[in-house]
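Working notes for the structure below.
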Amino acid sequence: MKNYIKPIVALFTVILTGCTDVIDVDVQTDTLRLVVEASLDWEKGTTGNDQEITLRTSTPFFDTQSTNVTGAEVTVTNNATGEVFRFTDQNDGTYTTSTFQPQLFATYTLEIVYNGERYVAEDTMNPVPNITDIYQDTEDGFDDEAIELHIVFTDFEDEGDNYLFKFERPQDLLPTLETGDDEFINGNEVDWWYEIDDDEDEEIKPLLPGDVVNISMHGISRSYFNYMDIVIDQIGGVGIFEATPVDVRGNCINTTNPDNYAHGYFRVTETNRVSYTVE
Numbered sequence: 001m002k003n004y005i006k007p008i009v010a011l012f013t014v015i016l017t018g019c020t021d022v023i024d025v026d027v028q029t030d031t032l033r034l035v036v037e038a039s040l041d042w043e044k045g046t047t048g049n050d051q052e053i054t055l056r057t058s059t060p061f062f063d064t065q066s067t068n069v070t071g072a073e074v075t076v077t078n079n080a081t082g083e084v085f086r087f088t089d090q091n092d093g094t095y096t097t098s099t100f101q102p103q104l105f106a107t108y109t110l111e112i113v114y115n116g117e118r119y120v121a122e123d124t125m126n127p128v129p130n131i132t133d134i135y136q137d138t139e140d141g142f143d144d145e146a147i148e149l150h151i152v153f154t155d156f157e158d159e160g161d162n163y164l165f166k167f168e169r170p171q172d173l174l175p176t177l178e179t180g181d182d183e184f185i186n187g188n189e190v191d192w193w194y195e196i197d198d199d200e201d202e203e204i205k206p207l208l209p210g211d212v213v214n215i216s217m218h219g220i221s222r223s224y225f226n227y228m229d230i231v232i233d234q235i236g237g238v239g240i241f242e243a244t245p246v247d248v249r250g251n252c253i254n255t256t257n258p259d260n261y262a263h264g265y266f267r268v269t270e271t272n273r274v275s276y277t278v279e
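Take the sequence shown: its letter number 220 is residue 220 in full-length UniProt numbering, and every next letter is one higher.
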């Protein structure tokens with residue numbers, strides 16, 4: 001038997017060492033742009049003073065070098081009071097402050113000066129209802145054997161409330177994001193449920209006993225709601241009957257050179273954060 005194994009091993013060695021041709025792949029490139037991660041979230045029960053903004057540049061497909069942006073000037077201004085909050089450069093792409101003053105219904109303006117260009121963005125801080133209950137069952141989802149989580153809250157009486165929900169397990173590569181508004185639920189108690197579909201191809205498992213789910217619920221502006229609707233649709237991937245992903249623009253405008261717009265979004269929200277362990 002050993003006499004047969006040696007020639008076979010030698011043949012595979014020749015085949016593997018002979019495959020040395022370099023294949024050049026043309027990858028579509030785009031202008032390197034500033035990427036803004038500026039989510040100022042005021043978690044209920046905290047002062048909301050400590051906030052962080054991250055700046056980097058977009059990354060070429062095969063580039064592995066750091067794209068963190070340093071040396072920028074970053075401020076956030078309360079448009080009603082004129083109070084300016086300066087974010088300190090930490091020399092690693094993050095800019096921080098410990099003096100931010102969150103104010104519901106206030107509109108804030110982000111200003112970034114980088115490479116001689118000025119970027120601005122604006123958003124309004126909207127309230128979020130209290131979560132009054134979290135429970136699990138198998139009655140309301142698409143799969144009557146799968147566990148779903150239920151988040152219970154009461155929508156505010158005034159119309160025009162918009163929400164972003166984020167569900168995340170430590171073992172999942174990406175969180176699940178969902179948006180909702182009060183068009184059909186205004187002023188009522190809401191039971192928002194969340195279920196994970198079993199996906200063997202993506203190695204995604206449904207909710208199982210012992211799973212820890214980190215949940216955040218944000219009160220968001222309508223403009224951010226519209227933006228996230230498009231982002232969530234793009235995250236869904238491209239199938240044979242789905243639209244081709246498009247360049248999703250945020251609210252960061254380059255006032256010096258409008259064609260050199262930034263990616264990302266500046267948002268200010270009031271936020272609930274809870275963790276739930278599946279039973």
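Note that beta-carbon positions come from the ideal geometry of N, C-alpha and C, so glycine has one too.
Worksheet item: Looking at C-alpha atoms only, which residue of 186, 94 and 265 is the closest neighbour of residue 51?
Response: Closest by alpha carbon: 94.
Worksheet item: So, is residue 163 buried or exposed, given that buried needs 16 or more other C-beta atoms within 10 angstroms?
Response: It counts as buried.
Fill in: Assigned exposure category for residue 258 - 16 Cβ within 10 Å defines buried
Exposed.
Item to complete: Starting from the Cα of residue 107, find the closest Cα among 221, 273 and 33 and give me that residue.
Response: Residue 107 has its Cα closest to that of 221, out of 221, 273 and 33.
Worksheet entry | Bounding residues of the beta strand (DSSP E) (the contiguous stretch that carries residue 227) | Residue 227 -> not in any beta strand (DSSP E); alpha helix (DSSP H) instead, spanning 222 to 235.
Discussion item. As an exercise, report each continuous beta strand (DSSP E) stretch of at least 3 residues that is fully enclosed by the region 34 to 87, in chain order.
Written reply: 34 to 43, 51 to 57 and 73 to 78, all fully within the region 34 to 87.
Item to complete: Taking 9 Å as the cut-off, decide whether the C-beta atoms of residue 41 and residue 268 are in contact.
Response: Taking 9 Å as the cut-off, the beta carbon of residue 41 is found closer than this to the beta carbon of residue 268.
Practice prompt. Could you check how far apart the C-beta atoms of residue 70 and residue 49 are, in whole angstroms? I think they sit under 8 Å.
Written response: With a contact defined as Cβ atoms closer than 8 Å, residue 70 and residue 49 miss out at about 24 Å.
Discussion item. By the DSSP assignment, the beta strand (DSSP E) with residue 166 in it spans what residues?
Written reply: Note, residue 166: beta strand (DSSP E), 162 to 168.
Worksheet item: What residue from 115, 83 and 110 has the CA that sits closest to residue 57's CA?
Response: Out of 115, 83 and 110, 115 has the C-alpha closest to the C-alpha of residue 57.
Fill in: Those residues which DSSP pairs with residue 266 across a bridge
According to DSSP, residue 266 bridges with 38.
Worksheet item: So residue 261 is in the beta strand (DSSP E); what residue range does that whole segment cover?
Response: From DSSP, residue 261 is part of no beta strand (DSSP E); its letter is neither H nor E.
Practice prompt. Going by CA-CA distance only, name the one from 88, 102, 34 and 166 that's closest to residue 79.
Written response: Of 88, 102, 34 and 166, the residue nearest in Cα terms is 102.
Fill in: Element boundaries [beta strand (DSSP E), containing residue 181]
Where residue 181 is concerned, the enclosing beta strand (DSSP E) stretches over 176 to 181.
Worksheet item: When DSSP labels each residue in this structure, what does residue 278 get in the three-state scheme?
Response: Correct three-state label for residue 278: coil.
Worksheet item: In this structure, does DSSP put residue 212 in helix, strand or coil?
Response: Strand.
Item to complete: Count the other C-beta atoms from every protein chain shown that fall within 10 angstroms of the C-beta of residue 105, then say buried if there are 16 or more, exposed otherwise.
Response: Exposed, by the Cβ-count rule.
Worksheet entry | Sub-9 Å separation of residue 281 and residue 161 beta-carbons | Lying before the first or after the last residue shown, residue 281 is absent from the chain, which here runs from 1 to 279.
Worksheet item: Going straight from the alpha carbon of residue 35 to that of residue 192, what length do you get?
Response: Approximately 32 Å between the Cα atoms of the pair.
Item to complete: Look at the alpha carbon of residue 144 and the alpha carbon of residue 205, and state the distance between them as a whole number of angstroms.
Response: Those two C-alpha atoms are separated by around 15 Å.
Discussion item. With H, G and I counted as helix, E and B as strand and the rest as coil, what does DSSP make of residue 120?
Written reply: In the structure shown, residue 120 adopts extended strand secondary structure according to DSSP, grouped into three states.
Worksheet item: Got a sec? Which residues, its chain only, sit under 6 Å from residue 182 by beta carbon, not counting five neighbours each side?
Response: Taken in chain order, the residues that qualify are 155 and 161.
Fill in: Three-state secondary structure assigned by DSSP to residue 249
It is coil, neither helix nor strand.
Discussion item. Looking only at its chain, what residues have a beta carbon closer than 7 Å to the beta carbon of residue 209, apart from the 5 residues adjacent to it on each side?
Written reply: Beyond the five residues adjoining it in sequence on each side, residue 209 comes within less than 7 Å, by CB distance, of 278 and 279 in the same chain, given in chain order.
Discussion item. I want to see whether chain D comes within less than 9 Å of residue 176, judged by CB atoms only; does it?
Written reply: The question asks about chain D, but that chain is absent: this structure has only one protein chain.
Worksheet item: So what does residue 254 bridge to, in DSSP terms?
Response: Answer is 119, bridged to residue 254.
Worksheet item: Exposed or buried, residue 133, counting other C-beta atoms within 10 Å across all chains shown (16 or more means buried)?
Response: Residue environment analysis places residue 133 among the exposed positions, since fewer than 16 neighbouring C-beta atoms fall within 10 angstroms of its C-beta.
Practice prompt. Spatial neighbours of residue 76 within its chain, please: CB distance less than 6 Å, with the 5 preceding and 5 following residues excluded, ordered by chain position.
Written response: Cβ neighbours of residue 76 beyond the five flanking positions: 85, 108 and 110.
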